[in-house]
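Chemist: If you're matching them up, the sequences are chains A and B in order.
Counted the way the working numbering counts, the first sequence spans residues 89 to 463.
Counted the way the working numbering counts, the second sequence spans residues 89 to 463.
For glycine and all other residues, C-beta sits at the position ideal for the given N, C-alpha and C.
Please read through the structure below; I'll follow up with questions.
Number of protein chains: 2
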Amino acid sequence: MADLTLNHDQILLGDCRDVLPSLPPASVDLIFADPPYNLQLRGDLLRPNMTHVAAVDDAWDSFRDFSAYDAFTRAWLQACQRVLKDNGTMWVIGSYHNIYRVGAILQDLGFWILNDIVWIKRNPMPNFRGVRLTNAHETLIWCAKLPGQKYTFNYHALRHLNDDKQMRSDWEFPLCTGNERLRINGNRVHSTQKPEALLYRVLLASSNVGDVVLDPFFGTGTTGAVAKRLARHYIGIERDPSYVEAARGRIAAIDPPTNIAALEALPSNKRRIPRIPFGNLLEHGLLQAGQQLWFNRDPALVATLLADASLRMADGTRGSIHKLGTMLTGQPSCNGWEHWFFQAADGSLASIDLLRQALRQLSEQAPDADDYSGL
Amino acid sequence: MADLTLNHDQILLGDCRDVLPSLPPASVDLIFADPPYNLQLRGDLLRPNMTHVAAVDDAWDSFRDFSAYDAFTRAWLQACQRVLKDNGTMWVIGSYHNIYRVGAILQDLGFWILNDIVWIKRNPMPNFRGVRLTNAHETLIWCAKLPGQKYTFNYHALRHLNDDKQMRSDWEFPLCTGNERLRINGNRVHSTQKPEALLYRVLLASSNVGDVVLDPFFGTGTTGAVAKRLARHYIGIERDPSYVEAARGRIAAIDPPTNIAALEALPSNKRRIPRIPFGNLLEHGLLQAGQQLWFNRDPALVATLLADASLRMADGTRGSIHKLGTMLTGQPSCNGWEHWFFQAADGSLASIDLLRQALRQLSEQAPDADDYSGL
DNA sequence: GGAGGACGTGAATCACTGC
DNA sequence: CGCAGTGATTCACGTCCTC
């Protein structure tokens with residue numbers, strides 16, 4: 089995480105196809121890319137009241153044809169793939185004009201799609217001529233660098249963010265408007281500024297505090313702004329100096345978070361909780377060899393606990409809490425922690441999982457000075 | 089409209105790549121295609137309760153690699169393009185596994201995308217392992233045979249269908265379940281039967297009474313069933329005789345509409361009030377991680393807000409606004425929105441529900457004309 | 001008969017660690 | 001790298017059954 093220290097939290101001026109090769113390989117944890125959409129607009133569009141619709145007519149969104157756009161897309165995707173860590177992931181946002189080409193090319197390059205996500209716009213521009221449906225969404229593709237790799241996904245953080253229900257692939261946010269929209273003399277600085285709320289969810293989902301987030305089409309720096317708010321590092325690449333200037337001012341004006349702990353406390357992610365083998369309960373004296381355990385409190389399903397933490401049934405069957413549980417339930421697998429009970433001091437049957445929790449608390453609390461004996 | 093009379097309202101047995109060349113060129117008004125998705129599933133998947141997930145493991149969804157799938161896709165798309173009238177349009181539905189390849193290839197063939205549409209599933213299957221987002225949508229591409237052609241789009245019909253507001257590109261429907269799902273001896277006949285509501289909207293949008301609608305992957309005939317209900321003609325192509333048999337029975341059981349004029353009388357479809365998860369307040373910067381919240385304004389009941397929108401009390405207790413509220417009140421459930429307060433700019437304690445209301449207003453208001461980026 | 005709970009199920013690229 | 005062991009993981013509906 090520290091091999092790129094010099095470039096952290098910086099904006100590099102230039103075309104990402106030229107700049108990316110100068111970065112070390114496999115050095116960034118996350119990429120968010122908002123490439124040109126290749127809109128192919130033809131002529132001006134007027135509202136019913138004959139006012140002019142401000143279109144995306146920037147030079148950077150002009151390509152000769154699909155094949156030119158494909159070549160451009162392949163080039164920046166390949167350059168991104170090189171700098172992404174093997175366990176890193178990438179997000180790309182687009183509309184129907186370009187997202188099918190982007191998606192097919194990134195699959196061809198070996199990226200592995202994890203989800204596609206639709207950003208549902210609460211307040212999209214209507215279709216003024218009434219000749220199509222209101223174009224009310226954009227698409228994000230979330231992909232890993234390679235198939236079969238481990239990747240960061242803060243499942244529980246996103247679940248919390250969604251009122252303790254699993255986060256879905258349809259995300260509803262309003263457009264970037266109001267105070268959040270950067271303007272100079274009343275004119276918007278960038279024609280396609282993305283809302284910070286969208287980036288907040290992206291970064292929370294797929295990066296950790298201290299990670300390096302790369303945005304090869306940095307624009308006015310939404311990715312950098314949210315990275316700073318969430319205590320991630322960012323690297324921005326942008327070829328338009330006026331966008332770079334706006335982004336620098338924008339990010340500098342953000343107060344860095346004062347309470348990093350509140351950001352890090354994210355995952356009640358159980359995978360990070362240290363695993364406690366069942367045998368530890370014996371080693372710590374919470375259970376003793378020879379003691380009896382009941383399966384689902386059933387008086388007929390009693391096992392004897394052996395010193396090696398295996399269980400033995402009356403008929404001689406022997407195995408771990410999980411293996412015996414698998415046999416007893418007849419299901420393909422079984423988490424034994426949830427099914428075995430011991431006799432507590434008051435005579436009632438209590439779950440062995442309570443003992444695991446007790447042991448976790450025990451091992452997490454700061455030891456007394458007395459416990460540092462001889463170290 | 090009448091040049092294909094002999095084949096109207098028929099199901100042709102065979103692979104559409106073989107059958108389509110026998111149809112006259114430029115002879116159908118609309119195509120709806122639900123091709124194989126190329127899911128590439130690996131092992132078995134178990135639910136948390138250890139039951140088995142019924143996978144799509146049909147032979148028709150198996151391809152050697154992307155290149156084989158691309159060749160298949162190009163072949164059927166080309167054959168469809170030939171039989172489509174010059175002013176006709178085509179719909180293709182898919183998931184992230186295949187839709188990017190389909191979209192890129194149809195653009196390469198000269199089809200002109202008019203919209204992409206997301207079918208938001210009200211009741212999708214969850215992600216049981218918690219390793220990705222719930223895959224809660226599928227994508228439809230709606231395209232014309234050629235750029236610049238006139239095409240059928242029943243703008244007002246769809247507007248009526250949507251309570252007199254312009255129809256958007258995000259459509260919310262439940263999965264095809266219950267009585268609508270074809271079953272034999274309790275087993276579903278087809279693993280991917282689409283809901284009729286989806287086809288209803290597609291046909292209403294882009295065809296007229298008496299038009300010819302072609303479905304090259306007819307399956308169990310959802311397209312034909314809806315076409316009959318809406319007084320359109322259909323041509324189905326399907327290579328599995330058991331699907332064909334099921335489709336014939338299904339369509340035969342439908343009474344043809346007696347009052348064609350009544351087809352204009354359309355059901356209403358009110359949009360639900362959008363739910364706002366508490367986490368949205370952080371995503372939109374209305375609250376910040378590290379900030380403190382008070383329960384019922386009680387100075388003794390203070391919690392710290394974490395970046396994932398969970399709260400942490402001084403004693404380490406942690407949970408959502410609702411879960412902590414439940415614990416603090418001791419009642420079976422608790423609407424956290426009514427109980428938690430934040431410190432407002434003037435120092436007073438204000439309800440977080442005010443922030444929710446503010447966010448609703450923010451995202452409902454029409455943006456400035458300038459905020460539209462031509463999308 | 002109505003309320004409420006149990007149960008089934010849906011296009012799914014669905015684990016990680018240690019030996 | 002393969003294999004075995006451990007143990008983490010679900011939401012909205014519709015249907016059927018019980019009370």
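Taking CB distances under 9 Å as the criterion, tell me whether A/M255 reaches chain B.
Modeler: Working through the first sequence from its first residue, we reach residue 255 of chain A at position 167. Yes - at least one Cβ of chain B is within 9 Å of the one on A/M255.
Chemist: Assuming B/W428 is part of the alpha helix (DSSP H), what are its boundary residues?
Modeler: As a working note, residue 428 of chain B is residue 340 in the second sequence. B/W428 -> not in any alpha helix (DSSP H); beta strand (DSSP E) instead, spanning W428 to Q431.
Chemist: Measuring only the C-alpha atoms, how far is B/P446 from A/N95?
Modeler: Residue numbering aside, residue 446 of chain B sits at position 358 when the second sequence is read from its first letter. Residue numbering aside, residue 95 of chain A sits at position 7 when the first sequence is read from its first letter. It should be noted that the sequence gives Ala, not Pro, for residue 446 of chain B. Approximately 39 Å, taken between the alpha carbons.
Chemist: Just to confirm, are B/F305 and B/I323 a CB contact at a threshold of 9 Å?
Modeler: The sequence position of residue 305 of chain B within the second sequence is 217, counting from 1. The sequence position of residue 323 of chain B within the second sequence is 235, counting from 1. Not a contact, by the Cβ cut-off of 9 Å.
Chemist: How would you list, in chain order, the residues of chain B whose beta-carbon sits under 9 Å from the beta-carbon of A/Y188?
Modeler: Position 100 of the first sequence, counted from the first residue, corresponds to residue 188 of chain A. Neighbours of A/Y188 on chain B, chain order: I187, Y188, R189, V190, G191, A192, I193, L194, Q195, I201, D204 and I229.
Chemist: Rounding to the nearest angstrom, what Cα-Cα distance links A/M138 and B/I99 in this structure?
Modeler: Here residue 138 of chain A is taken as the residue at index 50 of the first sequence, counted from 1. Here residue 99 of chain B is taken as the residue at index 11 of the second sequence, counted from 1. Those two C-alpha atoms are separated by around 49 Å.
Chemist: May I have the straight-line CA-CA distance separating B/L443 from B/L369, to the nearest angstrom?
Modeler: Along the second sequence, one-based indexing puts residue 443 of chain B at 355. Along the second sequence, one-based indexing puts residue 369 of chain B at 281. Rounded to the nearest angstrom, the two C-alpha atoms are 7 Å apart.
Chemist: Who are the near neighbours of A/A402 in its chain, counting only those whose CB is closer than 6 Å to its CB and skipping five residues on each side?
Modeler: Here the question's residue 402 of chain A lines up with position 314 in the first sequence. Excluding sequence neighbours, A/A402 sits near nothing in its chain.
Chemist: To the nearest angstrom, how far is it from the Cα of A/D299 to the Cα of A/A285?
Modeler: Taking the first residue of the first sequence as position 1, residue 299 of chain A is located at position 211. Taking the first residue of the first sequence as position 1, residue 285 of chain A is located at position 197. Cα to Cα, the separation comes out at about 19 Å.
Chemist: May I have the straight-line CA-CA distance separating B/G266 from B/N211, to the nearest angstrom?
Modeler: In the second sequence, counting from the first residue as 1, residue 266 of chain B sits at position 178. In the second sequence, counting from the first residue as 1, residue 211 of chain B sits at position 123. Cα-Cα distance, rounded: 13 Å.
Chemist: Mind checking the stretch 396 to 417 of chain B against chain A and listing, in chain order, the residues whose C-beta falls within less than 9 Å of any C-beta there?
Modeler: Those residues of the stretch 396 to 417 of chain B that come within reach of chain A (Cβ to Cβ, closer than 9 Å) are D396, A397, S398, R400, R406, G407, S408, I409, H410 and K411.
Chemist: Report buried or exposed for B/I209, applying the criterion of at least 16 other Cβ atoms within 10 angstroms of its Cβ.
Modeler: Mapped onto the second sequence, residue 209 of chain B falls at position 121. According to the sequence provided, residue 209 of chain B is Lys. The question's Ile does not apply to it. Buried: at least 16 other Cβ atoms inside 10 Å.
Chemist: Can you name the residues that DSSP bridges to B/K209?
Modeler: On the second sequence, residue 209 of chain B is found 121 positions in, with the first residue counted as 1. Looking at the DSSP assignment, B/K209 forms a beta bridge with B/F261.
Chemist: Can the beta-carbon of A/W259 be found closer than 9 Å to that of A/I181?
Modeler: As a position in the first sequence, residue 259 of chain A is number 171, starting the count at 1. As a position in the first sequence, residue 181 of chain A is number 93, starting the count at 1. Contact: no.
Chemist: Any beta carbon of chain B sitting closer than 9 Å to that of A/R162?
Modeler: Taking the first residue of the first sequence as position 1, residue 162 of chain A is located at position 74. For A/R162, the answer is no, since every Cβ of chain B falls outside 9 Å of its Cβ.
Chemist: Using a Cβ-Cβ distance under 9 Å, would A/T222 count as near chain B?
Modeler: Here residue 222 of chain A refers to the residue found at position 134 when the first sequence is read from its first residue. Answer yes: the Cβ-Cβ gap between A/T222 and chain B drops below 9 Å somewhere.
Chemist: I'd like the span of the beta strand (DSSP E) that includes B/I342, first residue to last.
Modeler: For the purposes of this step, residue 342 of chain B is taken as residue 254 along the second sequence, with counting starting at 1. Segment: none, B/I342 is in no beta strand (DSSP E) and carries neither H nor E.
Chemist: For B/H466, which residues of its own chain have a beta-carbon under 7 Å away from its beta-carbon, when the five flanking residues on both sides are left out?
Modeler: The requested residue 466 of chain B does not occur in the structure, where chain B is confined to residues 89 to 463.
Chemist: Check distances from the C-beta atoms of the stretch 237 to 263 of chain B to those of chain A and list, in chain order, the residues that come in under 7 Å.
Modeler: The stretch 237 to 263 of chain B vs chain A, Cβ under 7 Å: F241, Y243, Q254, M255, R256, S257 and D258.
Chemist: Taking Cβ positions only, does A/A293 come closer than 9 Å to chain B?
Modeler: For the purposes of this step, residue 293 of chain A is identified with residue 205 of the first sequence, where counting begins at 1. At least one chain B Cβ lies under 9 Å of A/A293.
Chemist: Indicate whether the contact test is met: 3 or more Cβ pairs, each with one atom in the stretch 288 to 297 of chain B and one in the stretch 146 to 162 of chain B, closer than 8 Å.
Modeler: Too few Cβ pairs lie closer than 8 Å, so no.
Chemist: How is the alpha helix (DSSP H) around B/L100 delimited, first residue to last?
Modeler: Against the second sequence, residue 100 of chain B aligns to sequence position 12. Where B/L100 is concerned, there is no enclosing alpha helix (DSSP H), although the beta strand (DSSP E) it sits in stretches over Q98 to L101.
Chemist: Among residues of its own chain, excluding the 5 on either side of B/C503, which ones have a beta-carbon nearer than 7 Å to its beta-carbon?
Modeler: Outside the displayed span of chain B (89 to 463) sits residue 503 of chain B, for which this structure offers no information.
Chemist: With C-beta atoms as the reference, is B/Y188 less than 9 Å away from A/R189?
Modeler: Taking the second sequence and counting its residues from 1, the one referred to as residue 188 of chain B is at position 100. Taking the first sequence and counting its residues from 1, the one referred to as residue 189 of chain A is at position 101. Result yes, Cβ atoms of B/Y188 and A/R189 sit closer than 9 Å.
Chemist: Hey, does A/A350 have any beta-carbon neighbour from chain B nearer than 9 Å?
Modeler: For this step, residue 350 of chain A is matched to residue 262 along the first sequence. It does: the Cβ of A/A350 has a partner Cβ on chain B nearer than 9 Å.
Chemist: May I ask you to list the residues that DSSP assigns as paired with B/H225?
Modeler: Working through the second sequence from its first residue, we reach residue 225 of chain B at position 137. Looking at the DSSP assignment, B/H225 forms a beta bridge with B/I208.
Chemist: Beta-carbon separation of A/I119 and A/D386 under 9 Å?
Modeler: Counting from 1 along the first sequence, the entry for residue 119 of chain A is found at position 31. Counting from 1 along the first sequence, the entry for residue 386 of chain A is found at position 298. For A/I119 and A/D386, no; Cβs fall outside 9 Å.
Chemist: Given a cut-off of 9 Å, decide if B/L399 and B/A391 are closer than it, judged by their beta-carbon atoms.
Modeler: Locating residue 391 of chain B in the second sequence gives position 303, where the first residue counts as 1. Locating residue 399 of chain B in the second sequence gives position 311, where the first residue counts as 1. Yes; because the gap between Cβ atoms is below 9 Å, this pair is in contact.
Chemist: Going by DSSP in three states, A/V219 sits in which element: helix, strand or coil?
Modeler: On the first sequence, residue 219 of chain A is found 131 positions in, with the first residue counted as 1. Coil.
Chemist: Spatial neighbours of B/H427 within its chain, please: C-beta separation below 7 Å, excluding the five flanking residues on both sides.
Modeler: Taking the second sequence and counting its residues from 1, the one referred to as residue 427 of chain B is at position 339. Taken in chain order, the residues that qualify are F383, N384 and G413.
Chemist: Residues bridged to B/R256 by DSSP?
Modeler: Looking up residue 256 of chain B in the second sequence gives position 168. Answer by DSSP bridge pairing, in chain order: A/T222.
Chemist: Report the residue from B/T280, B/I348 and B/Q281 whose alpha carbon sits nearest the alpha carbon of B/N296.
Modeler: In the second sequence, the residue the question calls residue 296 of chain B occupies position 208. Looking at the Cα atoms, B/I348 is the closest of the given residues.
Chemist: Could you check whether B/G312 and B/A335 sit closer than 9 Å to each other, using their CB atoms as the reference points?
Modeler: Numbered from 1 along the second sequence, position 247 holds the residue referred to as residue 335 of chain B. Numbered from 1 along the second sequence, position 224 holds the residue referred to as residue 312 of chain B. Yes, Cβ-Cβ distance for B/A335 and B/G312 is below 9 Å.
Chemist: Under the three-state reduction of DSSP, which class applies to A/V141: helix, strand or coil?
Modeler: Walking along the first sequence from the start, residue 141 of chain A turns up at place 53. Three-state DSSP puts A/V141 in coil, outside helix and strand.
Chemist: Consider the Cβ of A/F305: report whether some Cβ of chain B lies at a distance smaller than 9 Å.
Modeler: Translated into positions along the first sequence, residue 305 of chain A becomes position 217. Cβ-Cβ to chain B under 9 Å: no for A/F305.
Chemist: Based on the DSSP output, what are the partners of A/V332 in its beta bridges?
Modeler: By one-based count along the first sequence, residue 332 of chain A stands at place 244. Partner(s): none; A/V332 has no beta bridge.
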